[in-house]
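Chemist: What follows is a single structure, and I will ask about it in a moment.
Protein chains: 2
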Amino acid sequence: MNTSVGIVYAQRAIFDTPLTFRSGAVLPRYELVYETYGTLNADKSNAILVCHALSGHHHVAGHYADAPENVGWWDNMIGPGRPVDTDKFFVIGLNNLGGCHGSTGPSSINPETGKPYGASFPVVTVEDWVESQARLADLLGITQFAAVMGGSLGGMQAMQWSLSHPERVRHVLAIATAPHLTAENIAFNDVARNAILTDPDFHGGDFYQHGVVPTRGLRLARMLGHITYLSDDAMADKFGRSLRAGKLGYNYGIEFEIESYLRYQGDKFAAYFDANTYLLMTKALDYFDPAREFKGSLDKAFAVSRADFLVLSFTTDWRFSPDRSREIVQTLLHNHLNVSYAEIASTHGHDSFLMEHEHYHEVMRVYLDRIAKEFSA
Amino acid sequence: MNTSVGIVYAQRAIFDTPLTFRSGAVLPRYELVYETYGTLNADKSNAILVCHALSGHHHVAGHYADAPENVGWWDNMIGPGRPVDTDKFFVIGLNNLGGCHGSTGPSSINPETGKPYGASFPVVTVEDWVESQARLADLLGITQFAAVMGGSLGGMQAMQWSLSHPERVRHVLAIATAPHLTAENIAFNDVARNAILTDPDFHGGDFYQHGVVPTRGLRLARMLGHITYLSDDAMADKFGRSLRAGKLGYNYGIEFEIESYLRYQGDKFAAYFDANTYLLMTKALDYFDPAREFKGSLDKAFAVSRADFLVLSFTTDWRFSPDRSREIVQTLLHNHLNVSYAEIASTHGHDSFLMEHEHYHEVMRVYLDRIAKEFSA
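If you read the sequences in order, they're chains A and B.
Going from the first sequence to the working numbering is simple: count from 1 and add 1.
Going from the second sequence to the working numbering is simple: count from 1 and add 1.
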């Protein structure tokens, strides 16, 4: 059997103990929206936490009763008989703190002011997310995850779990990720942020009160993002130099199919995503750098880690290239940790981690089946 | 001796015969600003035309008497004893039609209306530029160039010369260029264009009358452009993850050195470059595709060419990668044309073509010395 988890529903957890961020900012109270799939076993040893990337959220698998078309973003990976088998695992997906899908974030109402947080919402780091997620684990009575997994920014959170709470995670599945962003990665993020920050409708982050949304900036940010998610080859295969109208128009409207695709993706995204959340997510990416506190030594940063690791990369991912995954693998080996590594041949660039791909899914399945034996044996 | 050409001055050519563009648009009259270095020989056989790329202009070498700091953009390449030796060659640089450095362009006053052309300025193609340049050659009495050369978009013009006027160019020097843009290249251009087009200060291209400039859009376009001009490695070497203030600020100001660099480049560019010219230049890049009229056959497109070619690429150029240059070389070989090809090992990405690099300059020097022998013998 290999099916979807079917109908799911979102839950809400409320945390009344103040959370102190890396920046020093304090949030007196916050809420996290989450979903769970499968059943937590008696000794609560079969839980997997799925961490999301830049534009992700808690709706990871299945669909809602009243919206069958709204399928979770990693549905192909999670379900009965799927690589993350919900007949064996209890899977948790959440919307990160600072998000815009129900968890407390910049667009939430600040109870102290009665207005959206906006610019006053703290800049969140990967470490802060792990702390907020640890409290959710506490609430669910999970002292140790069978695995924490994620792709891209989600993979950074999974790795951070093994650094912040080494005793609370048995396996880390770090997919299409990196030990830190390169200057080029930061540069792309900075252009995206500047598109938003300089949009006159941004109003310094407090656009909510002005009844406007910095659509132009968000749209540009997403268009640019999409270029970095795809591979040059994938774009060439999918769009090439095809002209939408079959001939050149000699104007600045949409001419090439790739332009049509990008603008469509940009418009779609700008219609629902929060601009402040976008800024915050890109900053969390830029900041992630476990080696920083160890004078640049990633080996020393991972010395505390006790988890086993599965590290996966994709050949055409130029955003977080296989070289970056190999850096992680090297560090884990230097620390005598158990690590499995696979470099998956895929044409889909960074986006590959979201795709249904036989070799990729088989590697995930085999690794997770092995984990399942640890608690079912 | 290897020196600069020294003091130079710009000249202006006026063309009163209407020019019909590929788009069908007609410009009744236009002006081109140009500079020349060296001396045209008696039979006018030693002329080299230098075509510029996106943000280039006619000031290619030397400096102005009243502005010694304003050195031409390819000064390291051109001068007495330099690879393009002005003791042997008569070198011409011009500002392309549609530019913003003195030649007729969107910011010029349309004599018919007394206002800047703005949105009414025609979209210009590489073929149109070659026609406008051919008229300049006519004016200077040059029936055949010893060489037409350029990097990037300039290389496209050099190649187009051999297609539009095969009998008028003996050598084509096509550097860091491509037979057409990929979908990814177009995608980057489209994001840059959208940044400008959606800037509220753009006013549909007629911002001149509103006394404003779409600075935000131009700035974003240039920031993005810079990422594609540099290599990942060059950025890592130059900026890495260095923090400007030495520590994280947890805000959306400049934190990493790469952000400081990009914003500085963006601001500098937005202060002088014309937004409509930027749009027009990126469109010319997108449109260039000699194979299009030959059902995708680049070989057939180059069947008319009679020139000898020097094709150069740079190992870390991911904008116009060596693979793209090899496509050009293959096509030239299929057409039994003389072609020399060198792939230069450089860490500087696409920008390499503007840099002083020993191997690169030596290849240029040797090739051009050979050309010089053709007319001095």
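From the three backbone atoms N, C-alpha and C, an ideal C-beta is built for every residue, glycine too.
Mind checking if R320 of chain A is an interface residue toward chain B, Cβ cutoff 8 Å exclusive?
Modeler: R320 of chain A does not count as touching chain B.
Chemist: Counting only beta-carbon atoms, is I127 of chain A nearer than 8 Å to chain B?
Modeler: According to the sequence shown, residue 127 of chain A is Val rather than Ile. Not one chain B Cβ lies under 8 Å of V127 of chain A.
Chemist: Report the rounded CA-to-CA distance for E32 of chain A versus Q266 of chain A, giving the unit in angstroms.
Modeler: In a straight line, the C-alpha of E32 of chain A is about 29 Å away from that of Q266 of chain A.
Chemist: Does any residue of chain A have a CB that is nearer than 8 Å to the CB of Y288 of chain B?
Modeler: Judged by the 8 Å Cβ criterion, Y288 of chain B is in contact with chain A.
Chemist: Which residue comes first and which comes last in the alpha helix (DSSP H) that contains Y38 of chain B?
Modeler: First-last for Y38 of chain B: Y31 to Y38, but that is the beta strand (DSSP E), not the alpha helix (DSSP H).
Chemist: Does F5 of chain B get closer than 8 Å to chain A when you measure Cβ to Cβ?
Modeler: Note on identity: in this sequence residue 5 of chain B is Ser, with Phe being the wrong assignment. It does not; no Cβ of chain A falls within 8 Å.
Chemist: So within the stretch 240-284 of chain B, which uninterrupted beta strand (DSSP E) runs reach at least 3 residues, ignoring any that extend past its ends?
Modeler: Segments of the beta strand (DSSP E) lying fully in the stretch 240-284 of chain B: there are none.
Chemist: If you compare alpha carbons, which of B:S46, B:H358 and B:N336 is closest to R171 of chain B?
Modeler: The residue with the shortest Cα to Cα distance from R171 of chain B is B:S46.
Chemist: Would I176 of chain B and F310 of chain B be called neighbours here (beta carbons separated by less than 8 Å)?
Modeler: Going by C-beta atoms, I176 of chain B is not nearer than 8 Å to F310 of chain B.
Chemist: What residues in its chain sit with their C-beta under 6 Å from that of T37 of chain B, if we drop five residues either side in the sequence?
Modeler: Hits under 6 Å: I93.
Chemist: Could you give the distance in angstroms between the alpha-carbon of T317 of chain B and the alpha-carbon of Q210 of chain B?
Modeler: Those two C-alpha atoms are separated by around 43 Å.
Chemist: As an exercise, report each continuous beta strand (DSSP E) stretch of at least 3 residues that is fully enclosed by the stretch 11-83 of chain B, in chain order.
Modeler: Entirely contained in the stretch 11-83 of chain B, the beta strand (DSSP E) runs reaching 3 residues are, in chain order, 12-16, 31-38, 48-52 and 68-72.
Chemist: Should R307 of chain B be labelled buried (16 or more other beta-carbon atoms within 10 Å of its own) or exposed?
Modeler: Under this definition R307 of chain B is an exposed residue.
Chemist: Does any residue of chain A bring its CB to less than 8 Å from the CB of M157 of chain B?
Modeler: Not an interface residue.
Chemist: From Q12 of chain B to V34 of chain B, what distance separates their C-alpha atoms?
Modeler: If I take the Cα positions, the gap works out to 6 Å.
Chemist: Taking the straight line between their C-alpha atoms, what separation do you get for D275 of chain B and H227 of chain B?
Modeler: The alpha-carbon atoms of D275 of chain B and H227 of chain B are separated by roughly 17 Å.
Chemist: T4 of chain B to K374 of chain B, Cα distance in whole Å?
Modeler: Answer to the nearest angstrom: the Cα atoms are 21 Å apart.
Chemist: Residues of chain A with CB closer than 7 Å to the CB of D67 of chain B, please, in chain order.
Modeler: In chain order: nothing, as chain A lies at least about 35 Å away.
Chemist: With DSSP as the reference, label V330 of chain B as helix, strand or coil.
Modeler: Looking at V330 of chain B - three-state DSSP - the assignment turns out to be helix.
Chemist: Buried or exposed for E260 of chain B, going by 16 or more other Cβ atoms inside 10 Å?
Modeler: When all chains shown are included, E260 of chain B counts as buried.
Chemist: Going along the stretch 181-201 of chain A in order, which residues come within less than 7 Å of chain B, judged by CB to CB distance?
Modeler: So the close ones are H181, T183, A184, E185, I187, A188, F189, D191, V192, R194, N195, A196, L198, T199 and P201.
Chemist: Looking at the unbroken beta strand (DSSP E) that takes in H172 of chain A, where does it start and where does it end?
Modeler: First-last of the beta strand (DSSP E) with H172 of chain A: H172 to I176.
Chemist: Out of B:Y361, B:F315, B:I372 and B:H349, which has the shortest C-alpha to C-alpha gap to N339 of chain B?
Modeler: If we check each option's Cα against that of N339 of chain B, B:I372 comes out closest.
Chemist: In the DSSP assignment, find the alpha helix (DSSP H) that holds F189 of chain B and state where it starts and stops.
Modeler: From DSSP, the alpha helix (DSSP H) with F189 of chain B extends over A184 to L198.
Chemist: Starting from A237 of chain A, find everything on chain B with Cβ-Cβ shorter than 7 Å and list it in chain order.
Modeler: T183 and A184, listed in chain order.
Chemist: Going by beta carbon distance, what residues of the same chain come within less than 8 Å of G151 of chain B, once the five residues before and after it are set aside?
Modeler: Within the same chain, G151 of chain B has close Cβ partners V51, C52, H53, A54, M157, Q158, A159, L174, A175, I176 and T178.
Chemist: What are the residues that DSSP puts in a beta bridge with G94 of chain B?
Modeler: For G94 of chain B, which the question treats as bridged, DSSP gives the partners B:E36 and B:V51.
Chemist: For E294 of chain B and D287 of chain B, what's the separation of their Cα atoms in angstroms?
Modeler: Spanning the two alpha carbons is a distance of roughly 15 Å.
Chemist: Is there a Cβ from chain A that is less than 8 Å from the Cβ of L50 of chain B?
Modeler: Judged by the 8 Å Cβ criterion, L50 of chain B is not in contact with chain A.
Chemist: Would you mind telling me which residues of chain B sit closer than 7 Å to L219 of chain A, beta carbon to beta carbon, in chain order?
Modeler: Chain B residues near L219 of chain A: none, gap ~11 Å exceeds 7 Å.
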